[in-house]
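To start, the structure under review is shown below, and the notes come after it.
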Amino acid sequence: MTLLTALILPACSAVKIAYNQSPELAYWYLDGYVDFNDAQSLQVKADLNRLKTWHRQTQLPGYIDSLQKLQQQMPLDFGTAQACSIYTDARQKLLALATEAEPAVAALAASIGTKQIALMERKFAKGNADYREEFVDGTPKARRAKRYKLAVNRAEMLYGSLDDRQLALIDQVIAQSRFDAARAYAERLRRQQDVLQTLRAVHGSRGLTSTASGADKTRTAMRALLERSVNSPDEAYRDYQEKITNDTCKAFADLHNSTSALQRKKAVETINSYEQDLKALASQIQP
6 MTLLTALILP ACSAVKIAYN QSPELAYWYL DGYVDFNDAQ SLQVKADLNR
56 LKTWHRQTQL PGYIDSLQKL QQQMPLDFGT AQACSIYTDA RQKLLALATE
106 AEPAVAALAA SIGTKQIALM ERKFAKGNAD YREEFVDGTP KARRAKRYKL
156 AVNRAEMLYG SLDDRQLALI DQVIAQSRFD AARAYAERLR RQQDVLQTLR
206 AVHGSRGLTS TASGADKTRT AMRALLERSV NSPDEAYRDY QEKITNDTCK
256 AFADLHNSTS ALQRKKAVET INSYEQDLKA LASQIQP
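Counting the sequence shown from 1 gives a position; our numbering is that position plus 5.
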């Protein structure tokens with residue numbers, strides 16, 4: 006449930022501000038993991054600005070179209086498949102962004118040194134400690150309370166205040182959820198090790214990356230890394246992830262179908278406000 010509402014609603018209400026500053030925000034986030042040298046810094050900033058321009062010109066119209074369709078659907082009841090279509094649409098849009106960024110990511114990967122990889126590994130370790138504290142450690146009751154609070158906050162961003170029956174529904178969904186924090190954490194660790202091993206392999210063949218064939222191999226390696234990040238090579242985890250996604254879709258549909266006409270009207274208004282923000286962004290004249 007939280008997953009779907011997070012995809013529908015940006016984490017920050019200041020959509021235009023966050024979007025316009027996205028290259029700078031992305032740069033500082035990445036720099037915290039890599040500590041770019043001067044040449045990398047210039048290239049990454051240029052690549053991020055190009056990516057934002059591409060996204061604004063080619064992708065925002067699709068986002069706007071999706072929000073318009075969603076507004077038409079919100080007054081009606083949802084089935085599980087319809088709820089999952091929202092997730093699928095958002096996932097495809099994120100994959101399109103990742104695919105467009107692939108050449109820049111490959112070029113950066115070819116330039117990363119061993120000290121930068123070591124820094125990334127330390128950052129992963131720190132983030133993992135925070136993740137464990139937030140989602141894995143602690144009592145089941147405490148973890149459940151955190152998930153409940155997050156789900157309620159997300160739902161109320163969309164629908165406004167929930168009634169007792171709806172709050173009880175969310176509590177029941179979380180109590181019956183098949184979400185396994187330890188399993189999700191293990192997959193997180195696998196992905197991180199995959200990133201580190203791929204970067205070390207690219208670094209080990211650095212003498213070849215300056216050639217056309219070497220650059221192609223780097224792009225192939227990074228493309229394969231993305232594929233493994235999106236579709237885990239662990240078949241059992243893929244099966245688990247599919248079940249969790251279907252459960253989430255059903256939970257979202259059940260909550261939506263419990264909402265009143267007034268709550269659905271609030272949802273339409275909320276989504277429309279994001280549509281207007283995206284339209285304003287799409288029409289901006291870039292310097």
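All C-beta atoms in this analysis are idealised placements derived from N, C-alpha and C, irrespective of residue type, glycine included.
If we call anything under 9 angstroms between Cβ atoms a contact, is residue i one with residue j?
i	j	result
Thr223	Ala114	yes
Gln87	Ala258	yes
Leu163	Lys271	yes
Glu139	Lys131	no
Phe184	Ile249	yes
Val178	Ala156	yes
Ala160	Leu260	yes
Tyr190	Arg137	yes
Asn133	Leu194	yes
Ala289	Asn54	Note that residue 289 is Gln in the sequence shown, not Ala. No, Cβ-Cβ distance for Gln289 and Asn54 is not below 9 angstroms.
Asp135	Ser182	no
Arg170	Tyr242	no
By the DSSP assignment, the alpha helix (DSSP H) with residue i in it spans what residues?
i	result
Gln268	Ala266 to Ala287
Gln77	Leu65 to Gln78
Arg61	Where Arg61 is concerned, there is no enclosing alpha helix (DSSP H), given that its DSSP letter is neither H nor E.
Phe129	Thr119 to Tyr136
Val178	Asp169 to Gln181
Glu192	Ala186 to Gly209
Gly143	Element bounds for Gly143: n/a, residue is neither H nor E.
Phe257	Glu240 to Asn262
Gly90	It should be noted that the sequence gives Ser, not Gly, for residue 90. Element bounds for Ser90: Thr85 to Ser116.
Against chain C, does residue i count as a neighbour if the rule is that its beta carbon must be under 9 angstroms from one of theirs?
i	result
Lys98	Any reference to chain C falls outside this structure, which holds one protein chain only.
Kindly list the residues whose CB is nearer than 7 angstroms to the CB of residue i, restricted to its own chain and excluding five residues on each side of it in sequence; keep chain order.
i	result
Ser18	Because the pLDDT at Ser18 is just 47, under 50, the model does not fix this residue reliably, and the value given afterwards should be weighed accordingly. Nothing listed; no residue qualifies.
Val49	Tyr32, Leu35, Phe41 and Leu113
Ser278	none
Tyr153	Ile175, Asp176 and Ile179
Gly165	Gln268 and Lys271
If you compare alpha carbons, which of the options is closest to residue i?
i	options	result
Leu102	Asn158, Ala147 and Gln62	Gln62
Phe129	Met227, Arg233, Leu35 and Arg96	Leu35
Asp244	Val39, Asp169, Leu163 and Glu192	Glu192
Gly84	Ala256, Gln289 and Ser278	Ala256
Val273	Gln73, Asp52 and Asn54	Gln73
Leu56	Pro28, Ser46, Gly118 and Ser71	Pro28
Who are the near neighbours of residue i in its chain, counting only those whose CB is closer than 8 angstroms to its CB and skipping five residues on each side?
i	result
Pro238	none
Leu201	Ile122, Met125, Glu126 and Phe129
Glu107	Arg224, Met227, Arg228 and Leu231
Thr214	No answer about Thr214 holds up, because its pLDDT of 49 lies below 50 and its placement is not dependable.
Ile69	Glu280, Leu283, Lys284 and Ala287
Gln64	Lys98, Ala101 and Leu102
Gly67	Lys98
Thr93	none
Gly37	Lys128
Gly118	His208
Leu204	Ala114, Ile117, Ile122 and Met125
Val20	Tyr279, Asp282, Leu283 and Leu286
Suppose the cutoff is 6 angstroms on Cβ atoms and the five residues either side in sequence are ignored; what does the same chain contact list for residue i look like?
i	result
Val110	Met227
Asp82	Asn262
Ile276	Leu72, Leu75 and Gln76
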